[in-house]
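Numbering-wise (our numbering), the sequence shown opens with residue 101 and increments by one.
Here the structure is laid out as structure tokens; the discussion comes afterwards.
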Amino acid sequence: MKKLLFPTLLVLAAVVVSCKDDSHVTKVYSPVSFSEVTINDSFWAPRLRKHKEATIPVCIDQIENQTGRMRNFENAALREGKHSGIFFDDSDVYKALEGMAYSLQNNPDPVLEEKCDEWIDKFAAAQLEDGYLNTFYTLTGLHERWKNMDRHEMYCAGHMIEAAVAYYKVTGKRKLVDVCERFVQHMMSVFGPEGRHWVPGHEEIELALVKLYEITDKKEYLDFAAWLLEERGHGYGSYGNNSPWPAHYYQDGVPVSELEKISGHAVRSMYLFCGMADVAAYTDNKAYRDALDRVWDDVVLRNMYVTGGIGQSASNEGFTTDYSLPNKSAYCETCASVGMVLWNWRMNQFTGDSRYVDVLERSLYNGALAGISLSGDRFFYVNPLESDGNHHRQAWYGCACCPSQICRFLPSIGNYIYGLSADALWVNLFIGNQSKYMTIKTEYPWDGHIVMTVGELDKKEIRIRIPDWSEMNARLAGGSKFAYTIESSRPMKSSMKDGYLVVRPVKGTWKKGDILTFDLEMPVEAVAADPRVKEDEGMRAVQCGPIVYCMEQIDNVEQYDHVLLTPDTEYRKARDPYLLGGVQMVLASTPKGNYTFIPYYAWDNRQPSPMRVWVPYQE
Ligand code: FUB
Ligand code: ZN
């Protein structure tokens, strides 16, 4: 058995060119929006159907009926009544709306659109004359607003902006954008170079302001985002008298351009890095880019689980010490895995380096996807890599950031498939879909056979990401074996660049109807952790393609406690259409026993059962 080390060390080769009309944008490519991509494969399409049929209704029911979230807006509109729930519950409503907006794009539904309009009317009614909008302070005492920086006022505002931008892009309706602009004007009248200092305890507003800038072209929003980022690390933060946390928990320990090490709260960190990347993309801020590079190494190479999950500890919902990755107590909040997708997507756009999509894909198919049940109506907040059988998805949470996160994230996955630059179409994820530029047919992630048919494209290059797991296979096979093969309907030449296979027709540009058949080898591998991770010493995790596997006791009644993989273990893939929505299992045979592994994301979808990702291994 080959020994694969995880995480892998790769070298970043940055290429920065301008790809947008606005020449100050330093991105290598622009993503093709989910709204231009129809996902129609057998893996994601059923999930998106469940999102529409189960996840959205659950969120609406929770927001309108089971909890007081919508009532808070109704009360705030009347300026009377009680606030119920947590001080940042408004954010869940905005995140659910964002998910509903994305869903409308691919599944037009007048009833759902009416529901969105009804909600937006309620938000607008709750907005105060001066533009402020936050049901907690409106109902509990406006004299307390803008005092405690950890009270998420700007965090909620940021989620409202993201929802407004999504809904505007999908429907062209800008009522919520207007509400947001009034609120941002209010914020800018209170805070800024001429006003008060402010360090949002939970980031989110920064990336949202950049989105608002993108649709309004009002540079003051970009400037405000940049100003907020620069507020960090100078001692301006004040998080209430009772905050148990040091400044670095809030990413407020050093100026952001001086960041070296990851620490503190995981989701907040991810949103900060997204905001930095967004601002840097428009301002060509090299110091931010360098800081992001440094901190990326620290997150990915020393603090990330094999599932792409991050944030080891429940106590700070965040990071602890390098290479300390306990499995049973792993926090790995679902929102943090989604945050990894959002951040790595931006890093890839900056650099054109595939290693960021490798991480994005790992977090997507494992850490984030585990956050929702196959039925679409139950959610994990915490995603351990080992369980005694008593950790289960729930219908909702008091703090419901993860369900609402999943609600907005799933219908947006079309965003991550393609990019466009002056010369190239970039293929980052292998998800069966139809778009104007290309159609992909594939059974990925179960199979590496991918057929790409070129659509309306007049580009010299198609850049196909070669996943890191596939590269590893090839390298470990002694270089005698290719990790992939590619064939084209017309003569082409190819070369490698920053983890992409760059394919060009020998003459001219790619044209409608050209076909590329790409085959990635996808053997089962038993992956070892970095030797410095003591918790995984003498263990292996089973991985096949982008999917990390786990063992549930329910499939391994006798063997679960005695499992032992060896170099001679033979692995076989098997697909059962009736098991867990048709997942591919991995069957491992050793002289001492046979073991069944299922994808990690699919665990806890049957009766309660102990589960483990890392299993003992003997050389
Ligand atoms: O504070 C808002 C959200 O709730 C955070 O992102 C999560 O970690 C949870 O604490
Ligand atoms: Zn969460």
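Where is the CB? At the ideal position from N, CA and C, for every residue including glycine.
Touch test, the stretch 241-252 against the stretch 197-215, Cβ-Cβ under 8 Å, three pairs minimum: no
Heavy atom of the ligand FUB within 7 Å of His729 beta-carbon: A query on residue 729 cannot be resolved here, the shown segment of the chain reaching from 101 to 719 and no further.
Thr316: first and last residue of the uninterrupted alpha helix (DSSP H) it sits in: As a working note, residue 316 is residue 216 in the sequence shown. Segment Ile305 to Thr316, the alpha helix (DSSP H) holding Thr316.
Collapsed DSSP secondary structure at Phe509 in the structure displayed: For the purposes of this step, residue 509 is identified with residue 409 of the sequence shown, where counting begins at 1. Note: Phe509 maps to helix in three-state DSSP.
Same chain only: Cβ atoms within 6 Å of Ile472, ignoring 5 sequence neighbours per side: Residue mapping note: residue 472 aligns to position 372 of the sequence shown, counting from 1. Cβ neighbours of Ile472 beyond the five flanking positions: Phe479 and Ile506.
With 16 other Cβ atoms within 10 Å as the buried cut-off, status of Asp568: As a position in the sequence shown, residue 568 is number 468, starting the count at 1. Asp568 is buried by the Cβ-count criterion.
Status (buried if at least 16 other CB within 10 Å, exposed otherwise) for Ala674: Locating residue 674 in the sequence shown gives position 574, where the first residue counts as 1. It counts as exposed.
Beta-carbon gap between Ala436 and Ala381 smaller than 8 Å: Here the question's residue 436 lines up with position 336 in the sequence shown. Here the question's residue 381 lines up with position 281 in the sequence shown. In this structure, Ala436 lies away from Ala381, with their beta-carbon atoms at least 8 Å apart.
According to DSSP, residues forming a beta bridge with Ile46: Residue 46 falls outside the range modelled here, since the chain spans only 101 to 719, and no answer is possible.
Inter-residue spacing [alpha-carbon to alpha-carbon] between Leu469 and Val457: Taking the sequence shown and counting its residues from 1, the one referred to as residue 469 is at position 369. Taking the sequence shown and counting its residues from 1, the one referred to as residue 457 is at position 357. If you take the alpha carbons of Leu469 and Val457, they lie about 16 Å apart.
Those residues which DSSP pairs with Asp619 across a bridge: Residue 619 sits at position 519 when you count from the first residue of the sequence shown. His549 and Thr585.
beta-carbon Cys85 near the ligand ZN non-hydrogen atom, thresh 7 Å: This structure cannot settle anything about residue 85, because the visible part of the chain is limited to 101 through 719.
Val713 versus Asp668: straight-line alpha-carbon distance, rounded: As a working mapping, residue 713 is identified with position 613 in the sequence shown. As a working mapping, residue 668 is identified with position 568 in the sequence shown. Spanning the two alpha carbons is a distance of roughly 20 Å.
As assigned by DSSP and simplified to three states, the class of Met711: One-based indexing of the sequence shown puts residue 711 at position 611. Three-state DSSP puts Met711 in a strand.
is_contact[Val657, chain D] using C-beta, thresh 8 Å: Absence of chain D from the displayed structure is noted, only one protein chain being present.
Gln205, DSSP secondary structure in three states: Taking the first residue of the sequence shown as position 1, residue 205 is located at position 105. It is helical.
Beta-carbon contacts of Val657 that lie in its chain and below 7 Å, excluding the five residues immediately before and after: For the purposes of this step, residue 657 is taken as the residue at position 557 of the sequence shown. Excluding sequence neighbours, Val657 sits near nothing in its chain.
Proximity to Ser512 [Cα-Cα], best of Trp445, Leu520, Pro484 and Leu525: Translated into positions along the sequence shown, residue 512 becomes position 412. Ser512 has its Cα closest to that of Trp445, out of Trp445, Leu520, Pro484 and Leu525.
Nearest-angstrom Cα separation, counted from Lys222 out to Met596: The residue given as residue 596 occupies position 496 in the sequence shown. The residue given as residue 222 occupies position 122 in the sequence shown. Taking the straight line joining both Cα atoms gives about 53 Å.
Contact test: Cys499 Cβ vs the ligand FUB heavy atom, cutoff 7 Å: Here residue 499 refers to the residue found at position 399 of the sequence shown. Yes.
C-alpha distance - Pro344 paired with Val602, whole-angstrom precision: In the sequence shown, counting from the first residue as 1, residue 344 sits at position 244. In the sequence shown, counting from the first residue as 1, residue 602 sits at position 502. Straight-line Cα distance between these residues: approximately 51 Å.
Supposed close pair Ser504, Lys195 - CB separation, criterion 8 Å: Within the sequence shown, numbered from 1, the residue matching residue 504 stands at position 404. Within the sequence shown, numbered from 1, the residue matching residue 195 stands at position 95. So it is a contact: roughly 4 Å between Cβ atoms.
Helix, strand or coil at Phe223 according to DSSP, with G and I counted as helix: For this step, residue 223 is matched to residue 123 along the sequence shown. The answer is helix: DSSP assigns Phe223 an H, G or I state.
Sheet register partners of Pro605 (DSSP bridge): By 1-based counting over the sequence shown, the position of residue 605 is 505. Answer is Met592.
Helix, strand or coil at Pro503 according to DSSP, with G and I counted as helix: The residue given as residue 503 occupies position 403 in the sequence shown. Pro503: helix per DSSP, three-state reduction.
beta-carbon His252 near the ligand FUB non-hydrogen atom, thresh 7 Å: To locate residue 252, count along the sequence shown from 1; it is residue 152. At least one heavy atom of the ligand FUB is nearer than 7 Å to the Cβ of His252, so yes.
Contact set for Glu635: own chain, Cβ-Cβ below 7 Å, skip 5 residues either direction: The count along the sequence shown starts at 1 and reaches residue 635 at position 535. Hits under 7 Å: Leu425, Pro426 and Asn427.
Where the alpha helix (DSSP H) through Ala522 begins and ends: Residue mapping note: residue 522 aligns to position 422 of the sequence shown, counting from 1. No alpha helix (DSSP H) holds Ala522; DSSP gives it neither H nor E.
Heavy atom of the ligand ZN within 7 Å of Tyr544 beta-carbon: Position 444 of the sequence shown holds residue 544. Result no, Cβ not under 7 Å from the ligand ZN.
Buried versus exposed, by CB contacts within 10 Å (16 or more), Lys607: Walking along the sequence shown from the start, residue 607 turns up at place 507. Exposed, by the Cβ-count rule.
Cys650 - partner residues in DSSP beta bridges: As a working note, residue 650 is residue 550 in the sequence shown. Partner(s): Ile698.
Host beta strand (DSSP E) of Ser689 (start-end): Here residue 689 is taken as the residue at index 589 of the sequence shown, counted from 1. Looking at the DSSP string, the run of the beta strand (DSSP E) that includes Ser689 is Gln684 to Thr690.
Touch test, the stretch 330-341 against the stretch 268-282, Cβ-Cβ under 8 Å, three pairs minimum: no
Cβ neighbours of Arg169 in the same chain (closer than 7 Å, five flanking residues each side left out): For the purposes of this step, residue 169 is taken as the residue at position 69 of the sequence shown. Closer than 7 Å at Cβ, skipping near neighbours: Ile163, Gly185, Asp189, Asp192 and Val193.
Three-state secondary structure assigned by DSSP to Glu358: For the purposes of this step, residue 358 is taken as the residue at position 258 of the sequence shown. Here Glu358 sits in helix by DSSP.
For Ala626, the residue or residues it bridges with in DSSP: Sequence index remark: in the sequence shown, residue 626 carries index 526 (1-based). Answer is Val642, bridged to Ala626.
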